[in-house]
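**Q**
Numbering (the working numbering), first residue to last: 68 to 373.
1) What residue range does the beta strand (DSSP E) around residue 118 cover?
2) Any idea what DSSP makes of residue 339, helix, strand or coil?
3) Using DSSP bridges, identify the partner residues of residue 184.
4) Excluding five sequence neighbours on each side, which residues of the same chain lie with their C-beta closer than 6 Å to the C-beta of residue 191?
5) Candidates 188, 172 and 168: which alpha carbon is nearest residue 132's?
6) Taking buried to mean at least 16 other C-beta atoms within 10 Å of its own C-beta, is residue 236 buried or exposed?
7) Look at the alpha carbon of residue 88 and the alpha carbon of residue 112, and state the distance between them as a whole number of angstroms.
8) For residue 157, count neighbouring Cβ atoms within 10 angstroms of its own Cβ and tell me buried if that reaches 16, exposed if not.
9) Decide if the stretch 124–140 is in contact with the stretch 220–227; the criterion is three or more beta carbon pairs, one per stretch, under 8 Å apart.
10) Alpha carbon to alpha carbon, how far is residue 243 from residue 219? Give it in angstroms, no decimals.
11) Closest to residue 155 by CA distance: which of 186, 147 and 142 is it?
12) Return yes when the Cβ of residue 122 is within less than 7 Å of the Cβ of residue 153, no when it is not.
13) From residue 285 to residue 137, what distance separates their C-alpha atoms?
14) Which full runs of the beta strand (DSSP E) of 3+ residues lie inside the stretch 132–199, going along the chain?
15) Of all the options 312, 317 and 316, which has the alpha carbon lying nearest to the alpha carbon of residue 142?
16) Am I right that residue 209 and residue 281 are in contact with their C-beta atoms under 8 Å? What's the rounded C-beta distance?
17) Give the list of continuous alpha helix (DSSP H) stretches no shorter than 4 residues that lie fully inside the stretch 246–302.
18) In whole angstroms, give me the CA-to-CA distance for residue 366 and residue 353.
19) Should residue 372 go down as buried or exposed, given a rule of 16 or more other Cβ atoms within 10 Å for buried?
20) Does the distance from the C-beta atom of residue 323 to that of residue 309 stay below 7 Å?
21) Sort 314, 342, 307 and 343 by Cα distance to residue 326 and report the nearest one.
22) In the DSSP assignment, find the unbroken beta strand (DSSP E) run with residue 214 in it and report its ends.
23) Leaving aside the five residues before and after residue 196 along the sequence, list all residues of the same chain whose C-beta is less than 8 Å from its C-beta, in chain order.
24) Please name the residue or residues paired with residue 110 in a DSSP beta bridge.
25) What is the DSSP secondary structure of residue 365, reduced to helix, strand or coil?
26) How is residue 316 classed by DSSP in three states: helix, strand or coil?
27) With 16 as the cutoff for other CB atoms within 10 Å, does residue 329 come out buried or exposed?
28) Within its chain, find whatever has a CB closer than 7 Å to the CB of residue 203; leave out the 5 residues flanking it on each side and keep chain order.
29) Do you know offhand how far residue 246's Cα is from residue 345's?
30) Using the DSSP secondary-structure output, state which residues sit across from residue 360 in a beta bridge.
31) Kindly indicate which three-state DSSP category residue 350 falls into: helix, strand or coil?
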């Protein structure tokens, strides 16, 4: 009798506890919890996924095509993107929250997957390269650029529509581009297009081997070749192919197809630029000519700008 009681006791100790209620398909029996970061900078989830610091960051540039790039990169099964622009390294209010907060902004992924976040303002912020380097000196950086003149016009167009929607006053483009007959050096959008000044800052911390420059103009016109270069840079198994893209004649740009599901970028993308007088455009082209040459020398390649 004693042996029987002992056996029943041991059986009860070894049996797993039953859930207090039935679970829906795919639902975990444990609540989702954010655990403290482990030594390797991850936060675990009971289903085997985890939050990881990004191994890839799209650092810019604003109005260069960062949204298109991260959407196209997300076509790859190995890559999972953060939902929003995190602004951790450039906004002091976020940076002061520490790396644990940054980690909490990352998506849950399986261990073999890679995490990517994009914040276009990183490229032009002087304090960001050092901060990212201190987090991970071996991180892979993606920088997508367009013709600097086109980027300035896109920058203005975005601000114009934002102010229009909020019923705020806006300045005509000529008045922000030109002051006293010369290029207005106080216009912030111009500074964002001086790529070589910002690139010099990044190259103080990262070698060119860690930075891949994506041609934003070519990505818009013919996305597949540019995405194959990105795959090779990131050492990803080739997955992205021609079937992932189709040209939408109504929108005037390429949209994405993923496992039969089609999606396009937001209507705010691809807006027509305002008309600019040819004489002012020529001033812009001349203004960017020398800065562009310096940038080409820095990165060891040329782009079809101006």
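Glycine residues also receive a C-beta, built at the ideal position from the N, C-alpha and C atoms. All figures in this text were calculated on a predicted structure; none of them were measured in a lab.
**A** Put simply:
1) Your numbering for residue 118 matches position 51 in the chain shown. Taken as a continuous stretch (DSSP letters only), the beta strand (DSSP E) holding residue 118 covers 117–119.
2) In the chain shown, residue 339 corresponds to position 272, counting from 1. DSSP places residue 339 in coil when its eight states are reduced to three.
3) Start at 1 with the first residue of the chain shown, and residue 184 comes out as number 117. In DSSP, residue 184 forms a bridge with 124.
4) Against the chain shown, residue 191 aligns to sequence position 124. These residues qualify, in order along the chain: 259 and 265.
5) As a working mapping, residue 132 is identified with position 65 in the chain shown. If we check each option's Cα against that of residue 132, 188 comes out closest.
6) Looking up residue 236 in the chain shown gives position 169. With fewer than 16 Cβ atoms within 10 Å of its Cβ, residue 236 is classed as exposed.
7) Counting from one through the chain shown, the residue named residue 88 turns up at place 21. Counting from one through the chain shown, the residue named residue 112 turns up at place 45. At residue 88 the pLDDT is 28, less than 50, meaning the model places this residue with poor confidence; the figure from the coordinates comes in the next sentence. Cα-Cα distance, rounded: 21 Å.
8) Taking the chain shown and counting its residues from 1, the one referred to as residue 157 is at position 90. That one is buried.
9) yes
10) Here residue 219 corresponds to residue number 152 of the chain shown, with the count starting at 1. Here residue 243 corresponds to residue number 176 of the chain shown, with the count starting at 1. The straight-line gap from Cα to Cα measures roughly 11 Å.
11) For the purposes of this step, residue 155 is taken as residue 88 along the chain shown, with counting starting at 1. That would be 186, whose Cα lies nearest to the Cα of residue 155.
12) As a position in the chain shown, residue 153 is number 86, starting the count at 1. As a position in the chain shown, residue 122 is number 55, starting the count at 1. Result no, Cβ atoms of residue 153 and residue 122 do not sit closer than 7 Å.
13) The residue given as residue 285 occupies position 218 in the chain shown. The residue given as residue 137 occupies position 70 in the chain shown. Residue 285 and residue 137: Cα-Cα distance of roughly 15 Å.
14) 146–148 and 181–185
15) The residue you call residue 142 lines up with position 75 of the chain shown. It is 312.
16) Taking the chain shown and counting its residues from 1, one reaches residue 209 at position 142. Taking the chain shown and counting its residues from 1, one reaches residue 281 at position 214. About 6 Å; that satisfies the 8 Å criterion.
17) 255–259, 262–270, 283–288 and 290–300
18) Indexing the chain shown from 1 puts residue 366 at position 299. Indexing the chain shown from 1 puts residue 353 at position 286. So the alpha carbons of these two residues sit roughly 21 Å apart.
19) Residue numbering aside, residue 372 sits at position 305 when the chain shown is read from its first letter. Classification for residue 372: buried.
20) Within the chain shown, residue 323 is the residue found at index 256, counting from 1. Within the chain shown, residue 309 is the residue found at index 242, counting from 1. No, they are not a contact pair.
21) In the chain shown, the residue the question calls residue 326 occupies position 259. Checked all of 314, 342, 307 and 343; the closest Cα to residue 326 is 307.
22) Position 147 of the chain shown holds residue 214. Here residue 214 belongs to no beta strand (DSSP E), and DSSP marks it neither H nor E.
23) Walking along the chain shown from the start, residue 196 turns up at place 129. If we look at residue 196 and ignore the five residues flanking it on each side, its Cβ neighbours are 268, 269, 271, 272 and 273.
24) Within the chain shown, the letter at position 43 stands for residue 110. In the DSSP output, where bridge partners are listed per residue, residue 110 has 118.
25) Walking along the chain shown from the start, residue 365 turns up at place 298. If DSSP states are grouped into helix, strand and coil, residue 365 belongs with the helices.
26) Against the chain shown, residue 316 aligns to sequence position 249. Correct three-state label for residue 316: coil.
27) To locate residue 329, count along the chain shown from 1; it is residue 262. When all chains shown are included, residue 329 counts as exposed.
28) For the purposes of this step, residue 203 is taken as the residue at position 136 of the chain shown. Hits under 7 Å: 120.
29) Start at 1 with the first residue of the chain shown, and residue 246 comes out as number 179. Start at 1 with the first residue of the chain shown, and residue 345 comes out as number 278. Approximately 16 Å between the Cα atoms of the pair.
30) As a first step, residue 360 is located in the chain shown; it is residue number 293 there, counting from the start. BP columns for residue 360 are empty, so no partner.
31) Here residue 350 refers to the residue found at position 283 when the chain shown is read from its first residue. Helix.
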